[in-house]
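Peer 1: Just add 10 to the spot in the sequence shown (first one is 1) and you have my numbering. Backbone N, C-alpha and C fix where the C-beta goes; we use that ideal spot for every residue, glycine too. Owing to the predicted nature of the structure, the values given are computational and were not obtained by experimental measurement.
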Amino acid sequence: MTLLIAIMLLAAFPGEPLEVHELESSIANHLDRDLRVTGRFDSYSAGRMRLIDSKVDFRLGPDVAVHRNPQFVELTGKLSQSGGHPAFEVMSLAKIPGETARYAELRKLVQPGDYTLLYELGRWAGDRGRWYQDAALLQLARQTYREAFLWEADSLSKPRSANELLGLIERGAEAGIDPVELLRLKHRALWLKVAATPPNNSSALRALADEVRKTLPQPVAEKTTVPTEEALTRYRQSPEEVYLDTPLAERDQWHRAFYAQLLAQAIELEAALPQADLVGLAREIEERIPEHQAQARALELRAAESRAVQVTKLSRGELLGLREAFNRLGEPARARRLATDWLSAARRRLEPADAEDHIALARDYLSWLDDRTTAIELYKAAFEIADSAEAVRGLESLGLVRLGGVWRQRDEAASGDGVGDSAVVRPGDAEQRVIELLRAPDHISRTAGAGWLFEQWRYAGPPELVVYLRRSTATGRAVVTRVVAP
11 MTLLIAIMLL AAFPGEPLEV HELESSIANH LDRDLRVTGR FDSYSAGRMR LIDSKVDFRL
71 GPDVAVHRNP QFVELTGKLS QSGGHPAFEV MSLAKIPGET ARYAELRKLV QPGDYTLLYE
131 LGRWAGDRGR WYQDAALLQL ARQTYREAFL WEADSLSKPR SANELLGLIE RGAEAGIDPV
191 ELLRLKHRAL WLKVAATPPN NSSALRALAD EVRKTLPQPV AEKTTVPTEE ALTRYRQSPE
251 EVYLDTPLAE RDQWHRAFYA QLLAQAIELE AALPQADLVG LAREIEERIP EHQAQARALE
311 LRAAESRAVQ VTKLSRGELL GLREAFNRLG EPARARRLAT DWLSAARRRL EPADAEDHIA
371 LARDYLSWLD DRTTAIELYK AAFEIADSAE AVRGLESLGL VRLGGVWRQR DEAASGDGVG
431 DSAVVRPGDA EQRVIELLRA PDHISRTAGA GWLFEQWRYA GPPELVVYLR RSTATGRAVV
491 TRVVAP
């Protein structure tokens with residue numbers, strides 16, 4: 011027991027006598043002074059008295075009234091020292107209540123919230139418990155320290171007190187304060203830090219998020235309870251109240267929510283900066299806080315839209331990647347509009363004499379937009395430019411045939427329905443007209459009848475047709491009776 015602590019106790023509780031151990035810790039400071047000393051009685055012997063665990067020679071004056079086997083005593087007198095051996099001349103001796111009873115009296119002097127004085131009382135009980143190996147006093151000291159600790163913690167409720175509270179928590183851990191209490195106070199201290207952190211400082215928010223992750227135990231992924239959006243809103247508004255209302259086994263969900271909220275807030279600030287890597291930030295969300303998937307999607311969508319502004323300057327590969335991004339983000343209409351804008355710009359840039367580019371663009375219109383009309387126009391243009399076999403195959407794949415120098419839909423060429431020009435074979439046409447519009451048939455089969463020959467002219471394509479004719483045996487002339495596209 012140091013002199014400083016003894017002085018603090020006397021200042022905290024004026025009039026409190028010295029305990030014999032306090033006296034022995036600072037003999038030189040108490041020589042030849044009128045003193046009041048307490049201790050635990052041991053024995054009497056030839057005008058002397060011994061106190062438990064004391065080396066001081068207590069000499070009883072002739073007028074001192076002694077008590078039979080007292081347990082706790084208070085002595086008055088003066089201390090002297092000769093040859094290095096302290097002696098106390100006892101002027102009076104009185105029986106007093108024990109330390110536990112005295113503790114109760116001193117406790118009444120402590121005002122609510124005065125944690126400094128309560129700490130001193132805890133030390134008072136703890137010292138006596140250690141001196142005399144008194145388990146009851148040691149337990150009382152622990153309870154007192156815990157109460158003083160919580161009083162001090164409750165006094166640290168301002169944002170500027172966050173670091174002070176964290177320091178107090180370290181002391182509490184060393185003193186054996188319940189880890190549950192310490193964790194609750196860590197949670198409070200970190201929220202105080204949030205209140206003291208500028209809301210537009212992404213670096214500070216990131217640092218605080220990492221501190222939350224390292225300080226507060228994070229949940230095991232497969233056992234995580236995911237709070238509802240309503241519960242999250244309540245937590246953000248009253249974090250300590252919601253935290254205390256949550257069963258101990260489930261509080262780690264708020265540790266996770268706390269961390270995720272801070273990191274998401276920092277990322278949102280960084281996303282607002284010029285030249286921000288929105289896709290990279292979205293990936294960070296997906297990897298570190300996937301519960302904020304909606305925020306990640308919004309960032310990716312913003313990134314895609316910012317690139318789409320320059321759609322006409324995108325390469326084909328860039329366009330495909332951006333189109334895939336819109337589709338993956340659940341925006342197929344936006345992906346189609348993007349492709350339409352890019353293809354329209356590409357069509358305007360086509361060189362009039364470049365058949366290959368016309369064909370490539372026709373394929374893209376089909377593949378990306380299923381736009382048969384525009385694809386046909388581009389294939390026809392390519393055919394006119396270079397009589398391209400690729401263009402022919404493209405048109406035929408879309409169901410067109412070339413009749414009389416004109417590209418027609420296959421069924422239209424066969425039936426002639428709804429066609430007003432003269433380039434279509436029709437029933438009643440003479441055989442010479444068929445040859446002019448098509449060509450000589452690839453195969454002819456005939457069947458004889460009364461005064462007639464019935465002929466089938468087959469064309470292997472393009473177009474693949476069967477033209478039926480009826481030929482007069484008298485005149486030799488043949489006319490078309492019908493046209494069929496197999």
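If you run the structure through DSSP and keep just helix, strand and coil, what is Ser36?
Peer 2: Residue state, collapsed to three classes: coil.
Peer 1: Leaving out the 5 sequence neighbours to the left and right, which residues in its chain are closer than 7 Å to Pro169 when beta-carbon positions are compared?
Peer 2: Here the set comprises Leu202, Ala205 and Ala206.
Peer 1: What's the call for Thr491, buried or exposed, on a 16-neighbour Cβ count within 10 Å?
Peer 2: The residue is exposed, with fewer than 16 neighbouring Cβ atoms inside 10 Å.
Peer 1: Where do the ends of the beta strand (DSSP E) carrying Ile454 lie?
Peer 2: His453 to Gly459 is the extent of the beta strand (DSSP E) around Ile454.
Peer 1: So, for Gln355: in the same chain, excluding its five sequence neighbours on each side, which residues have a beta-carbon less than 6 Å away from its beta-carbon?
Peer 2: According to the sequence as given, residue 355 is Ala; it is not Gln. If we look at Ala355 and ignore the five residues flanking it on each side, its Cβ neighbours are Thr322.
Peer 1: For His197 and Gln228, which I take to be in contact (beta-carbon distance under 8 Å), what is that distance rounded to the nearest angstrom?
Peer 2: With 8 Å as the limit, His197 and Gln228 do not qualify as a contact, their Cβ atoms being about 13 Å apart.
Peer 1: Quick check: what's the CA-CA separation for Asp42 versus Val66?
Peer 2: Near 14 Å, if we compare the C-alpha coordinates of Val66 and Asp42.
Peer 1: Do Val100 and Val74 have their C-beta atoms closer together than 8 Å?
Peer 2: Contact: yes.
Peer 1: Hey, Ala151 and Gly136 are a contact pair by Cβ (cut 8 Å); roughly how many whole angstroms apart?
Peer 2: Confirmed, Cβ separation roughly 3 Å.
Peer 1: Can you name, in chain order, every residue of its own chain whose Cβ lies under 6 Å from the Cβ of Leu226, other than the five neighbours on each side?
Peer 2: Excluding residues within five positions, the ones whose Cβ falls inside 6 Å are His265.
Peer 1: CB Ala282 to CB His302, shorter than 8 Å?
Peer 2: No; because the gap between Cβ atoms is not below 8 Å, this pair is not in contact.
Peer 1: Whole angstroms is fine: what's the gap from Asp431's alpha carbon to Pro451's?
Peer 2: A caution first: Asp431 carries a pLDDT of 47, below 50, which makes its placement in the model unreliable, though a value can still be read off. Cα to Cα, Asp431 sits roughly 22 Å from Pro451.
Peer 1: So, are the CB atoms of Val222 and Leu200 less than 8 Å apart?
Peer 2: Yes, these two residues count as a Cβ contact at 8 Å.
Peer 1: Answer yes or no: do Ile454 and Trp462 have a C-beta to C-beta separation smaller than 8 Å?
Peer 2: No, Cβ-Cβ distance for Ile454 and Trp462 is not below 8 Å.
Peer 1: Are the beta-carbon atoms belonging to Glu310 and Leu288 less than 8 Å from one another?
Peer 2: Yes, the pair counts as a contact, with Cβ atoms nearer than the cut-off.
Peer 1: Within this structure, are the beta carbons of Leu45 and Leu89 separated by less than 8 Å?
Peer 2: For Leu45 and Leu89, yes; Cβs fall inside 8 Å.
Peer 1: Assign Asp427 to one of three DSSP states: helix, strand, or coil.
Peer 2: Low confidence applies here, because Asp427 scores a pLDDT of 48, under 50, leaving its location unreliable and the question unanswered by this model.
Peer 1: Could you check how far apart the C-beta atoms of Leu448 and Val435 are, in whole angstroms? I think they sit under 8 Å.
Peer 2: Rounded, the Cβ-Cβ distance is 7 Å, consistent with contact.
Peer 1: Give the secondary structure of Ala363 by DSSP, where H, G and I count as helix, E and B as strand, and everything else as coil.
Peer 2: Reduced to three states, the DSSP call for Ala363 is coil.
Peer 1: Does DSSP put Gln303 in a helix, a strand or coil?
Peer 2: Of the three classes helix, strand and coil, the one that applies to Gln303 here is helix, per DSSP.
Peer 1: Does the pairing of the region 389-397 with the region 341-358 give three or more beta-carbon distances under 8 Å?
Peer 2: Because the criterion of three Cβ pairs below 8 Å is not met, the region 389-397 and the region 341-358 do not touch.
Peer 1: Report the rounded CA-to-CA distance for Tyr125 versus Trp161, giving the unit in angstroms.
Peer 2: Whole-angstrom Cα-Cα distance: 6 Å.
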